[in-house]
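The next block holds one structure in the form of structure tokens; read it before the comments.
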């Protein structure tokens, strides 16, 4: 393998290659396949390789939140995702129990399905959270990327790379023939998972550690609708003797398809020998967690995996960038993994396209680490904290350190008409409230605020509503530069659009009101001058787009004559609170700074 110094190889492979492209993507999971789709949508030639013969063969990631759904809407594939997803109204009753057929300890309405929280979610986005297993999502992304222009190569393994001032030469192996060849690309994206070879080759710096606990997945089929369809959810947490082992200390029965296809997550002690998992052991675990001792499940697979707590503090070296699990490694708590992976690529792809086309200077790419590294840190911290917050439930039940009959007796005590029983019941109320930080963390899901050279800050941040100051639980919308474009419904008497629909990924968008008509001429001049796709949207009566519910007027935070400059990824790059004396100069200065021109 080549030796690297700050990401640049000291020894080099020959730069002649059998294949040339603008961007090479290693990995076809949610991060890699979405990167391919975004680049192809922008007309950037790209190749996506994966060492596997096809997409994910286990359900893995599944919760798909509003921000990811917005991105799929932007790409025109929202309907395809919804067609294969379990809808929002069937994902909400997360259950804590002694077994699926046994007693309930409690429920919590999750993913914004509690009536008061659903208002927050519906006001924040045109899309709602759904559940789509990775086995269904990946083929949608790969198919659409390939149709849009990506050259997709399965059974193709990344071996290593070197980079120079002009590009990256990547050595790959065809796993069917054993043939090794080179691909020459101007940029390389490592989307090759939590044990990323690309990230290792460029020696990305990380904080945290891997394999802090052990877990196993067991997938199976069994129709248990009679036990669950009255309390529809994707997650049923089982607390019973024997379940308090490793990981989060509880068994999980997860819906894959309602209500006959399931995945069980079971912990094991990662510091000891790995369990010898077979059909007999898997069947016993399934029967115990379901509370159905005579069940004959159809076992479809099982695997072992480690719980991680690690994030990268830098996300690229030179011309090599990493996305997805390669830069944020954490348990599935909060359902943030694939969602954040898609958003990484959404942030990066338009920047690569702008630099490749000469619309932006190379320094624009530095904003990728500046903007996404804090997000990686936040979600890894939040996911692991959420996993540890299961401890509140164990403490409330008084089962910490107990097993067998003692644990069962401690759980039973919550029913007692005694002081101890009353204390447990009160503690459970508090413990269940804590789980909102995992299952209704709207601020974590949507509240990404960027600070970088690709933002012209005015020193403000979106202000939370009264009583909603908790930044993890509540999303604060606003038009401060760095924030995501707030949602509002707009359109005319025949069409309803979301604000995001006015600012597609393929261009920059300047949004103003009727009093801001002078921005139209200014944007036309600057767009042609910079060779940039830039369009103005004027919102108001008599215009092509009106403010249907006057929500935009309440959320824009600027005068009608002002303007909001929206990047392709829907984050606000700059705003003018009113009409300046020279709008053309103001817009030129802002775009020149943001694009590192």
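Numbering (the working numbering), first residue to last: 247 to 843.
For glycine and all other residues, C-beta sits at the position ideal for the given N, C-alpha and C.
Sequence-distant partners of residue 823 (beyond 5 residues in either direction) whose C-beta falls short of 7 Å from its own C-beta, in its chain, are 804, 805 and 808. Residue 294 sits in a strand when the DSSP states are folded into three classes. For residue 656, the CB contacts under 8 Å within the same chain, skipping 5 residues up- and downstream, are 643, 644, 645 and 648 in chain order.
When rounded, the separation of the alpha-carbon atoms in residue 765 and residue 829 is 7 Å. For residue 629, the enclosing alpha helix (DSSP H) stretches over residues 612 to 634. If you look at residue 585, you'll find it in the alpha helix (DSSP H) that goes 583 to 602.
In the DSSP assignment, residue 463 is bridged to 511 and 549. Looking from the CA of residue 525, the closest CA among 514, 542 and 833 belongs to 542. For residue 409, the enclosing beta strand (DSSP E) starts and ends at 402 to 409. Put simply, the backbone Cα of residue 270 is about 47 Å away from that of residue 476.
Residue 327 and residue 383 have their alpha carbons spaced roughly 7 Å apart. At least 8 Å separates the beta-carbon of residue 564 from that of residue 789. Burial of residue 316 is indicated by the presence of at least 16 other C-beta atoms within 10 angstroms of its C-beta.
A straight line joining the alpha-carbon of residue 819 with that of residue 608 spans about 17 Å. With fewer than three CB-CB distances shorter than 8 Å, the stretch 397 to 406 does not count as touching the stretch 359 to 379. Taking the CA atoms as reference points, residue 547 sits about 6 Å from residue 464.
In this structure, the alpha-carbon of residue 635 lies about 26 Å from that of residue 378. Each residue's CA atom was taken as its position, placing residue 726 and residue 568 some 28 Å apart. Beta-bridge partners of residue 817 (DSSP): 730.
Residue burial annotation: residue 451 is exposed, with fewer than 16 other C-beta atoms found within 10 angstroms of its C-beta. It is roughly 16 Å from the alpha-carbon of residue 434 to the alpha-carbon of residue 419. With contacts defined by Cβ atoms closer than 8 Å, residue 599 and residue 288 form a contacting pair. One thing to note: residue 395 has its Cβ within 8 Å of the Cβ of residue 286. In the structure shown, residue 355 falls within a strand segment according to DSSP collapsed to helix, strand and coil. Beta bridge pairing from DSSP links residue 452 with 558. The beta-carbon distance between residue 277 and residue 437, rounded to whole angstroms, is 4 Å. This is short enough to meet the 8 Å contact definition. Residue state for residue 781 is assigned as strand, using DSSP reduced to three classes.
Counting along the chain, the unbroken alpha helix (DSSP H) around residue 527 starts and ends at 525 to 536. Under the three-state reduction of DSSP, residue 567 is assigned to strand.
In the three-state reduction of the DSSP assignment, residue 433 falls in the strand class, which pools E and B.
Annotated three-state conformation of residue 802 is coil, per DSSP. Around the beta carbon of residue 380, 16 or more other beta carbons lie within 10 angstroms, which makes this residue buried. Under the DSSP assignment, residue 444 falls in the alpha helix (DSSP H) whose first and last residues are 443 to 447. Taking a contact as a CB-CB distance under 8 Å, the pair residue 691 and residue 728 does not count as one, their CB atoms being some 17 Å apart.
Between residue 444 and residue 555, the C-beta spacing is not below 8 Å. For residue 342, the uninterrupted beta strand (DSSP E) segment begins and ends at 339 to 343.
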